[in-house]
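Some notes on the structure that comes next.
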Ligand SMILES: [Zn+2]
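Numbering (my numbering), first residue to last: 24 to 136.
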């Protein structure tokens, strides 16, 4: 099983959905579902804080508390995801192996495993 295009060696490949076959989805851990939006919210809050420091008298205490709370949430979610990572990897590998048809996004080459 290779995760590269046999034609151009690009790693940018995607599975092609097969008709009449339900594609199994990898089990995405809840910690990852929590981590991604938490990181985005944290980035947004940090940007707002920076903007407030530049254009105003600095971030308000409410904003600072929210930023700290979201940061703590990110750390917890990150830690939980770190623990879920081995299971997630196995689930992803099983998903990759169950895919028979692949398509390259680089050169549009299609092939079957
Ligand atoms: Zn290719």
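Ideal placement from N, C-alpha and C gives every residue a C-beta, glycine not left out.
Compute the minimum distance between the beta carbon of residue i and the heavy atoms of ligand 1, and state whether it is under 6 Å.
i	result
residue 30	yes
residue 129	yes
residue 54	no
residue 33	yes
Between residue i and the rest of its own chain, which residues show a CB-CB distance below 8 Å, the 5 nearest in sequence each way excluded?
i	result
residue 50	110, 111, 114
residue 31	127, 129, 130, 132
Leaving aside the five residues before and after residue i along the sequence, list all residues of the same chain whose C-beta is less than 7 Å from its C-beta, in chain order.
i	result
residue 103	54
residue 94	65
Looking at the structure shown, is residue i part of a helix, part of a strand, or coil, going by DSSP?
i	result
residue 127	strand
residue 60	helix
residue 38	strand
How about residue i: is its C-beta nearer than 7 Å to some C-beta of chain C?
i	result
residue 72	Considering every chain present, this structure includes no chain C. It has just one protein chain.
Mind checking whether the beta-carbon of residue i lies closer than 6 Å to any heavy atom of ligand 3?
i	result
residue 78	Here the bound small molecules are ligand 1; ligand 3 is not part of this structure.
Minimum length 3: unbroken beta strand (DSSP E) runs contained in the stretch 87–118 | none
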